[in-house]
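2 protein chains.
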Amino acid sequence: MTPDRKDNDQPMTDFNRTRSLFHLPEGVIYLDGNSLGPLPLVARERVARLLCEEWGEMLIRGWNDAGWMTQPARIGDRIGRLIGAAPGTVVMGDTLSIKVYQAVAAALEMRPERRVILSDYGNFPSDLYMADGLIRSLGRGHEIRTVAPEAVGGALDESVAVLLLTEVDYRTGRRHDMARLTRAAHAAGALTVWDLAHSAGALPIDLAGAGADFAVGCTYKFLNGGPGAPAFIYVSPEHIGRVRPALSGWLGHEAPFAFDLDYRSGPGIERMRVGTPPIIAFAALDAALDVWDEASIHDVRARSMALGDRFITEVEQRCPGLELVSPRSAEDRGSQVSFRFEHAYPAMQALIDRGVIGDFRAPDIMRFGIAPLYLDADDMVRAAETLGDIVAHGRWDGPRYREQRAVT
Amino acid sequence: MTPDRKDNDQPMTDFNRTRSLFHLPEGVIYLDGNSLGPLPLVARERVARLLCEEWGEMLIRGWNDAGWMTQPARIGDRIGRLIGAAPGTVVMGDTLSIKVYQAVAAALEMRPERRVILSDYGNFPSDLYMADGLIRSLGRGHEIRTVAPEAVGGALDESVAVLLLTEVDYRTGRRHDMARLTRAAHAAGALTVWDLAHSAGALPIDLAGAGADFAVGCTYKFLNGGPGAPAFIYVSPEHIGRVRPALSGWLGHEAPFAFDLDYRSGPGIERMRVGTPPIIAFAALDAALDVWDEASIHDVRARSMALGDRFITEVEQRCPGLELVSPRSAEDRGSQVSFRFEHAYPAMQALIDRGVIGDFRAPDIMRFGIAPLYLDADDMVRAAETLGDIVAHGRWDGPRYREQRAVT
Numbered sequence: 005m006t007p008d009r010k011d012n013d014q015p016m017t018d019f020n021r022t023r024s025l026f027h028l029p030e031g032v033i034y035l036d037g038n039s040l041g042p043l044p045l046v047a048r049e050r051v052a053r054l055l056c057e058e059w060g061e062m063l064i065r066g067w068n069d070a071g072w073m074t075q076p077a078r079i080g081d082r083i084g085r086l087i088g089a090a091p092g093t094v095v096m097g098d099t100l101s102i103k104v105y106q107a108v109a110a111a112l113e114m115r116p117e118r119r120v121i122l123s124d125y126g127n128f129p130s131d132l133y134m135a136d137g138l139i140r141s142l143g144r145g146h147e148i149r150t151v152a153p154e155a156v157g158g159a160l161d162e163s164v165a166v167l168l169l170t171e172v173d174y175r176t177g178r179r180h181d182m183a184r185l186t187r188a189a190h191a192a193g194a195l196t197v198w199d200l201a202h203s204a205g206a207l208p209i210d211l212a213g214a215g216a217d218f219a220v221g222c223t224y225k226f227l228n229g230g231p232g233a234p235a236f237i238y239v240s241p242e243h244i245g246r247v248r249p250a251l252s253g254w255l256g257h258e259a260p261f262a263f264d265l266d267y268r269s270g271p272g273i274e275r276m277r278v279g280t281p282p283i284i285a286f287a288a289l290d291a292a293l294d295v296w297d298e299a300s301i302h303d304v305r306a307r308s309m310a311l312g313d314r315f316i317t318e319v320e321q322r323c324p325g326l327e328l329v330s331p332r333s334a335e336d337r338g339s340q341v342s343f344r345f346e347h348a349y350p351a352m353q354a355l356i357d358r359g360v361i362g363d364f365r366a367p368d369i370m371r372f373g374i375a376p377l378y379l380d381a382d383d384m385v386r387a388a389e390t391l392g393d394i395v396a397h398g399r400w401d402g403p404r405y406r407e408q409r410a411v412t
Numbered sequence: 005m006t007p008d009r010k011d012n013d014q015p016m017t018d019f020n021r022t023r024s025l026f027h028l029p030e031g032v033i034y035l036d037g038n039s040l041g042p043l044p045l046v047a048r049e050r051v052a053r054l055l056c057e058e059w060g061e062m063l064i065r066g067w068n069d070a071g072w073m074t075q076p077a078r079i080g081d082r083i084g085r086l087i088g089a090a091p092g093t094v095v096m097g098d099t100l101s102i103k104v105y106q107a108v109a110a111a112l113e114m115r116p117e118r119r120v121i122l123s124d125y126g127n128f129p130s131d132l133y134m135a136d137g138l139i140r141s142l143g144r145g146h147e148i149r150t151v152a153p154e155a156v157g158g159a160l161d162e163s164v165a166v167l168l169l170t171e172v173d174y175r176t177g178r179r180h181d182m183a184r185l186t187r188a189a190h191a192a193g194a195l196t197v198w199d200l201a202h203s204a205g206a207l208p209i210d211l212a213g214a215g216a217d218f219a220v221g222c223t224y225k226f227l228n229g230g231p232g233a234p235a236f237i238y239v240s241p242e243h244i245g246r247v248r249p250a251l252s253g254w255l256g257h258e259a260p261f262a263f264d265l266d267y268r269s270g271p272g273i274e275r276m277r278v279g280t281p282p283i284i285a286f287a288a289l290d291a292a293l294d295v296w297d298e299a300s301i302h303d304v305r306a307r308s309m310a311l312g313d314r315f316i317t318e319v320e321q322r323c324p325g326l327e328l329v330s331p332r333s334a335e336d337r338g339s340q341v342s343f344r345f346e347h348a349y350p351a352m353q354a355l356i357d358r359g360v361i362g363d364f365r366a367p368d369i370m371r372f373g374i375a376p377l378y379l380d381a382d383d384m385v386r387a388a389e390t391l392g393d394i395v396a397h398g399r400w401d402g403p404r405y406r407e408q409r410a411v412t
């Protein structure tokens, strides 16, 4: 497990090895791991074992004997190592939207005299929807103030209770400076809720070092936990003892199995648990996290920046009609590259038909995830060649390229 | 699929056949399916297929091409058939605690002038905890009034906004009369939220016929969906158009993939969706529901009543020190039988060690789930014999029988 903690410049990660740990369909270059990571091979066997040996044989005893009950904390700690969170400060469960709700609700209660949730137009809409639902329920005149990403720092004032941001923009890949904005928020007396959906497993994060108050994230993107894999929440150890859980479920209770009629929250991060944990999903996620025993997030980041730069160069050489909407500087990007293109939707469909899977974001964005655990420079070149051919020759004919379908 | 809809007295369900559909460990009599149902054999293959053929090969395209996105509604309709809910009125996701929160929040908003949530001491604590967390957040002087189960009808008055009840008591198995209490609640101007955790898959439920407003439930008990399987929520078609989702996540949005910054709820039950659905867990649950294509819930109920009666008779013959705390009349019980016993904890541990798995509820309850899909009269007799031997001879020696451990 040493690769996580390296501090020199020598890459210690064998990316041929990490690539071999995933199933990638024949002939596919997968540039959508920022939506749904691919299947880690070991997940098949791990889930089968969970079903047959644990659920099948242990039945109800699995909660104790197979450690099911402690998985939210144990897996939370595994993710904590990737995001700069100390043991006991991250717990798993529910979905990212639910975790946003919990974090924002807790933060608002800690700033009772303030009424503004500050966010930006690049935030993932569900984060804003959840905050909106919360403040409507509260009915105390809170408002969500949404500004341009670059205007966030300047919009922090003493009305702001919570700064709610996604570190890496889901469309453009633009990356916020977490440490700087957290400092600025604190200077203004506000708390921070960082959404790490497009960060966790993509780049080094230092929640403790940045002084982040709350953070949330999903695990089906760069952490490869599978479709609908459970979410995580981090609460700063400085705050956790004072957080009143808005979603006060039994598994956040101090003694869930006492079945008291009155709620008393558990002492630490476990109070952010709500209901019965999703054990089958945890088996896949836990297996997916094994790759981090052999990979350094620092190496992954370095390779992601190089691959992203290479992809931009290769695409721009071939496709002058595509406009880069991601930051050109790799430092300012997450692990994706996005282009604006008039025919983005049909061109992406044509590209997918030729085995290069990226995705489309309305109205005109072609989005490409760069996941170094299973992608290399050759993939970048071949993807750009295919895209170049499609764009140069307008190869998107037929009705299926005109109908927009839902993709996450 | 006809067995669900039978209306004569001839059993149409082949219980030898249904039993063959489950994995039951050698030598085990499993009387804890009211906590966690056993593994349906077909779930192994179905989950493996989801991993390899869908996630592995389709990758992100699974959301459309494998129908992942529509599973919350499709599986909801499968469960709807077992609980008297019309198609399009049940949707899957999250945990039961989260679904309780959604239902109570919606109901309170529909009765803005009232301040009381009425429940009973037999309700599952997490339901009360979630309601408590909600009303603390609202901060508008709501209160939870908790009375004895038999006093619920008399406690309904014009202060009550919501009647929040679990139909079948998780400890005693006592069953509320859903139709009568729903009528009484409506007569008092209150709305109902029914928790079907110990009902769904155990007995026929007629939500539409009873005029229930909201219902919620889990799927890992008598529906055998696996540890931590997703929950469901029902909203009466009469109300759904007026429900404002408190947990307003993107998958409840009218157009999730438009990525609008403003939330607009979907037109129907889909507005109760929150975040990305748990697809791996759905594969197991969907497989588990196949048994209902061959089993009638009416047959299951008839057999459950007979098996429960038989178990009571057999136990009482052998164990005069055990006091039945479940209703003696099968009509008034759910699908479990519970006894009070001074040495409940160590006796249950000893019983489990001898392959008869029930569970313990503090301080002194031995609880036995009766799941006719995989249990028969012979199991009842053999379980009672083993229990009788343990009780008659005080066979619970050694330290492991004195330490209480967590079980759900």
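One line per chain: the protein sequences are Y and L, in this order. With the working numbering applied, the first sequence corresponds to residues 5 to 412, in that order. With the working numbering applied, the second sequence corresponds to residues 5 to 412, in that order. Every residue gets a Cβ at the ideal spot worked out from N, C-alpha and C, and that includes glycine. Note that the coordinates shown come from a computational prediction; the quantities given were computed from them, not determined experimentally.
I believe residue i touches residue j by the beta-carbon criterion, under 8 Å. Please report the beta-carbon distance rounded to the nearest angstrom.
i, j, result
"G253 (chain Y)", "S101 (chain L)", "4 Å"
"V51 (chain L)", "I273 (chain L)", "Contact doesn't hold; Cβ gap of about 26 Å is too wide."
"S339 (chain L)", "S308 (chain L)", "4 Å"
"A110 (chain L)", "A212 (chain L)", "Incorrect: roughly 18 Å between the Cβ atoms, too far for contact."
"A292 (chain L)", "L227 (chain L)", "6 Å"
Quick check: residue i and residue j, are their CB atoms within less than 8 Å of each other?
i, j, result
"L35 (chain L)", "G373 (chain L)", "yes"
"M16 (chain Y)", "D303 (chain Y)", "yes"
"S141 (chain L)", "A250 (chain Y)", "yes"
"R48 (chain Y)", "L55 (chain L)", "yes"
"I121 (chain L)", "V166 (chain L)", "yes"
"L255 (chain Y)", "G229 (chain Y)", "no"
"D46 (chain L)", "D294 (chain L)", "Reading off the sequence, residue 46 (chain L) comes out as Val, not Asp. It is a contact, given that the beta carbons lie within the stated cut-off."
Give me the Cα-Cα distance between residue i and residue j, rounded to the nearest whole angstrom.
i, j, result
"S163 (chain Y)", "I139 (chain Y)", "15 Å"
"F364 (chain L)", "R175 (chain Y)", "51 Å"
"G66 (chain Y)", "R386 (chain Y)", "47 Å"
"Q75 (chain L)", "V108 (chain L)", "24 Å"
"D8 (chain Y)", "D290 (chain Y)", "Caution is warranted here: a pLDDT of 47 is assigned to D8 (chain Y), below 50, making its placement in the model unreliable, and no coordinate value can be reported."
"A233 (chain L)", "W296 (chain Y)", "27 Å"
"R332 (chain Y)", "D181 (chain Y)", "16 Å"
"R184 (chain Y)", "P208 (chain Y)", "15 Å"
"D136 (chain L)", "I79 (chain Y)", "29 Å"
"S330 (chain Y)", "F236 (chain Y)", "27 Å"
"A396 (chain L)", "C222 (chain Y)", "53 Å"
If you compare alpha carbons, which of the options is closest to residue i?
i, options, result
"R275 (chain L)", "L:A214, L:G92, L:G312", "L:G92"
"R119 (chain Y)", "Y:G193, Y:G215, Y:D297", "Y:G193"
"Q84 (chain Y)", "Y:A219, Y:H27, Y:V104", "Per the sequence shown, the amino acid found at residue 84 (chain Y) is Gly instead of Gln. It is Y:A219 whose Cα lies nearest to the Cα of G84 (chain Y)."
"T20 (chain L)", "L:A381, L:L289, L:I394", "A quick correction: the sequence has Asn, not Thr, at residue 20 (chain L). Of the candidates L:A381, L:L289, L:I394, the one whose C-alpha sits nearest the C-alpha of N20 (chain L) is L:A381."
"R187 (chain Y)", "Y:L45, Y:T317, Y:L211, Y:G215", "Y:G215"
"F261 (chain L)", "L:N68, L:W59, L:G205", "L:N68"
"E298 (chain L)", "L:L86, L:G60, L:G213", "L:L86"
"A287 (chain L)", "L:G60, L:A396, L:R53, L:Y133", "L:R53"
"I57 (chain Y)", "L:E57, L:L43, L:G60, L:W59", "One point to set straight first is that residue 57 (chain Y) is Glu, not Ile, in the sequence displayed. Minimum Cα distance to E57 (chain Y) is reached at L:L43."
Give me, in chain order, the residues of the same chain whose beta-carbon lies closer than 7 Å to that of residue i; leave out the 5 immediate sequence neighbours on both sides.
i, result
"P231 (chain Y)", "L40, Y224"
"A152 (chain Y)", "D124, Y125"
"G359 (chain Y)", "G31, V32, I33"
"E113 (chain L)", "R248"
"F128 (chain L)", "T170, Y174, D199, A201"
"Y267 (chain Y)", "S252, H257"
"L311 (chain L)", "I374, P376, L379, A381, M384"
"R305 (chain L)", "L207, P208"
Below 6 Å CB to CB, which residues in the same chain sit around residue i once its five sequence neighbours on both sides are set aside?
i, result
"D313 (chain L)", "A334"
"S240 (chain L)", "D217"
"G157 (chain Y)", "A188"
"R23 (chain L)", "Y378"
"D18 (chain L)", "none"
Among residues of its own chain, excluding the 5 on either side of residue i, which ones have a beta-carbon nearer than 8 Å to its beta-carbon?
i, result
"I394 (chain L)", "A351, A354, L355, R358, W400"
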